[in-house]
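Here is the structure:
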């Protein structure tokens, strides 16, 4: 078995570990946001002091991505994924054994550094090993959505059954064991590093690469602001419009948020199917255009309709993700793909502070979220205008995609 012609089993295992890694990444980085509630009583410290302990770790998740992608390109995606599972898990375990804020801060920093590896390396690994990249990336998004929706439940359950330390240690140990299993599969020859894509694409023209870079920079930044703004606003939006329907219960509102995100995960599979079967530029532009409409409709929505509209908005956002990732892979040389994905997630995570300030300012000004949805709709329209400037699908690209 050679690196240039790995077996179908190697590709399936690589994609499977990457899917699992997406869930692990979001679970492990989300645990502290619930564990901190227990630490307020255990350590008798204020919430604001404790939550700041995650500042450096969360920063590393974003700024570490380009370096992680570069190492994956230069060394090995498979072995970088081993480092991801082990390092992120070790950070969680270290946080679980912390005896004070200083050591907890350090454990969270290690966790954040490990988590930075996943997106640039995991996405690149999937594209390189997939026969149908869009479909594989669609399922990858589903696993990520599960990871986003479940850390609060996992942490709360372990805290209630054992204690706050177990809420860090148990998921951390599972991540480390998964990394060791991946290392065993690599050393045993079950997973082989690919030198080329399993489903190669024709190389793009130099001018097309520049056009795609400029257009995708705008669309990815817009998507990052929209996604982060909704993450901030949706819980408060639900509380204002649906709180009375769930008895003004925080748990009830949180449950509705979880349901909305889980339901929205499913369209990513459909988006991946579209990305494989139809001209990718048309799919991408259509998905962005849908966002303009549904975000505009959200302004003025009230009462029970809020949940349905929120699901449609989140589904529309999820629908575009596989197409965007396929486009980024298409217009990036394979030897730099991890670095390109790393740059994408610097844009995505970097948009977070902008989104938070925008949500706060618009809510303070209007007292509701109608103005926010109008602004986000306009932002989505700017993404459509940028996406229209993408290079047209060449006949050879469409033929390869339809194969």
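Residue numbers (my numbering): 3 to 405.
Every residue gets a Cβ at the ideal spot worked out from N, C-alpha and C, and that includes glycine.
Status (buried if at least 16 other CB within 10 Å, exposed otherwise) for residue i
i, result
"residue 15", "buried"
"residue 305", "exposed"
"residue 243", "buried"
"residue 5", "Residue confidence is low: residue 5 scores 43 on pLDDT, short of 50, so the model does not pin down where it sits. Its coordinate-derived value is still stated next. Classification of residue 5: exposed, given that the 10 Å Cβ count is below 16."
"residue 359", "exposed"
"residue 144", "buried"
"residue 166", "buried"
"residue 362", "exposed"
"residue 379", "buried"
"residue 320", "buried"
"residue 310", "exposed"
"residue 162", "exposed"
"residue 74", "buried"
"residue 287", "buried"
"residue 49", "exposed"
"residue 397", "At residue 397, the pLDDT of 48 sits below 50, so the modelled position is not reliable and the matter cannot be decided from this model."
"residue 104", "exposed"
"residue 381", "buried"
"residue 43", "exposed"
"residue 367", "exposed"
"residue 271", "buried"
"residue 290", "buried"
"residue 312", "buried"
"residue 346", "buried"
"residue 180", "buried"
Boundaries of the alpha helix (DSSP H) in which residue i is found, first to last residue
i, result
"residue 58", "57-65"
"residue 36", "34-44"
"residue 172", "166-189"
"residue 286", "282-300"
"residue 313", "307-332"
"residue 112", "103-117"
"residue 371", "Unbroken run through residue 371: none, as it is neither H nor E."
"residue 128", "120-131"
"residue 276", "269-279"
"residue 50", "49-53"
Coarse secondary structure for residue i, derived from DSSP in three states
i, result
"residue 85", "helix"
"residue 221", "helix"
"residue 402", "Caution is warranted here: a pLDDT of 42 is assigned to residue 402, below 50, making its placement in the model unreliable, and the coordinate value is therefore given only provisionally. Residue state, collapsed to three classes: helix."
"residue 152", "coil"
"residue 241", "helix"
"residue 391", "coil"
"residue 142", "helix"
"residue 304", "coil"
"residue 356", "helix"
"residue 147", "helix"
"residue 212", "helix"
"residue 16", "helix"
"residue 95", "helix"
"residue 77", "coil"
"residue 100", "coil"
"residue 194", "coil"
"residue 134", "coil"
"residue 384", "helix"
"residue 9", "coil"
"residue 249", "coil"
Residue from the options whose Cα sits closest to the Cα of residue i
i, options, result
"residue 332", "374, 393, 246", "393"
"residue 141", "96, 231, 268", "268"
"residue 86", "342, 71, 98", "71"
"residue 60", "9, 118, 50", "118"
"residue 386", "294, 315, 176", "294"
"residue 83", "257, 103, 113, 120", "120"
"residue 192", "375, 381, 19, 383", "19"
"residue 212", "391, 55, 147", "391"
"residue 25", "173, 186, 274, 95", "173"
"residue 323", "314, 273, 291", "273"
"residue 150", "35, 365, 283", "35"
"residue 239", "66, 344, 259", "259"
"residue 9", "330, 188, 301, 66", "188"
"residue 417", "30, 29, 389", "The structure shown has nothing for residue 417, since the chain only spans 3 to 405."
"residue 100", "170, 313, 76", "170"
"residue 133", "316, 329, 46, 17", "17"
"residue 1", "231, 249, 283", "The structure shown does not extend to residue 1, since the chain is modelled only from 3 through 405, so no value can be given for it."
"residue 325", "116, 135, 39", "135"
"residue 114", "279, 364, 278, 27", "27"
"residue 214", "139, 341, 334", "334"
Any non-hydrogen atom of the ligand GTP closer than 7 Å to residue i Cβ
i, result
"residue 29", "The model on display carries no ligand, and the ligand GTP is accordingly not part of it."
Neighbour flag for residue i against chain C, beta carbons, 8 Å
i, result
"residue 365", "The chain inventory of the structure shown lacks chain C, comprising one protein chain alone."
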